[in-house]
Structure formats: C-alpha cells, structure tokens
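Numbers 673 to 782, taken from this note's numbering, label the letters of the sequence shown in order. Backbone N, C-alpha and C fix where the C-beta goes; we use that ideal spot for every residue, glycine too. All values reported here derive from a predicted model rather than from experimental measurement. Below is one structure, written out as structure tokens, with a few remarks after it.
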Amino acid sequence: MYKVTGKVSFNGESVTEGSVTLEDGNTGVADAYPISSEGTYEASVPEGEYRVSVQPPMVTVADTANSEGGDEFKKVDNIPNRYWSSYESGLSVSVQGDTTFDVDMKPGRR
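What follows is the structure in structure tokens.
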C-alpha cells in the first residue's frame, strides 16, 4: 500500500470539508478519504491508475410535505458538480509509490 496525499482547493483557496474519492481504473473499486480542516487528504491505496473525484459532505435532510428526507450532498460553492463524478472530473493519478496529488478545482464545465 502507498500513501497518496495532497491539498484540495478551489481557485487557489483551500477546501476544508468533503472527501476525495480514488476509483481504481481496473476494478472500479472506490474509496473516499475525508478532507481535513486544513484542506488536505491522505489515502492508502495499492499501486495502480485511479480516477479522482471530490464530493461535498453529506447532510441529513428532514422529511417535507413534498419529499422524503434522507442524506444528500451539502450545497457548497467551492466544489463544482462536475468534480463529483470520477468520469466528469478529468482528474486521475498514477500511483507507483508514495505520491503527492494536489487537486485545484476550477469553476465551469471543463
């Protein structure tokens, strides 16, 4: 297993909540790693190629007259929707040893 560590930011400003998900490019197995209050994350993964996504934290929403409650992503401005999916984010990392992989997200579609 190798460490993958990095900083998570949006337009150069630290993102301090949510998670970074690494999805194995061969098996599709994905694990999420929390973003710290300092805007960093640390993962432990085997050697391989990984697609990367970033998600906001989950929040629990109460039932309303129009919808059933449950868990959903928190609405945040510093993690654009396209980064929520490893297929749309355009982010990937090759792990062949301990690796630093910083994520600096930008606004817009791509």
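Assigned exposure category for residue i - 16 Cβ within 10 Å defines buried
i, result
"residue 750", "buried"
"residue 780", "exposed"
"residue 700", "exposed"
"residue 732", "exposed"
Through-space distance from residue j to residue i, alpha-carbon basis
i, j, result
"residue 680", "residue 760", "17 Å"
"residue 716", "residue 770", "9 Å"
"residue 743", "residue 676", "28 Å"
Residue i - containing beta strand (DSSP E), residue span
i, result
"residue 716", "712-717"
"residue 748", "That residue, residue 748, is in no beta strand (DSSP E); it is neither H nor E in DSSP."
"residue 687", "Looking at the DSSP string, residue 687 is not in any beta strand (DSSP E), and its letter there is neither H nor E."
"residue 766", "763-767"
Helix, strand or coil at residue i according to DSSP, with G and I counted as helix
i, result
"residue 705", "strand"
"residue 755", "helix"
"residue 730", "strand"
"residue 773", "coil"
"residue 736", "coil"
"residue 679", "strand"
"residue 697", "coil"
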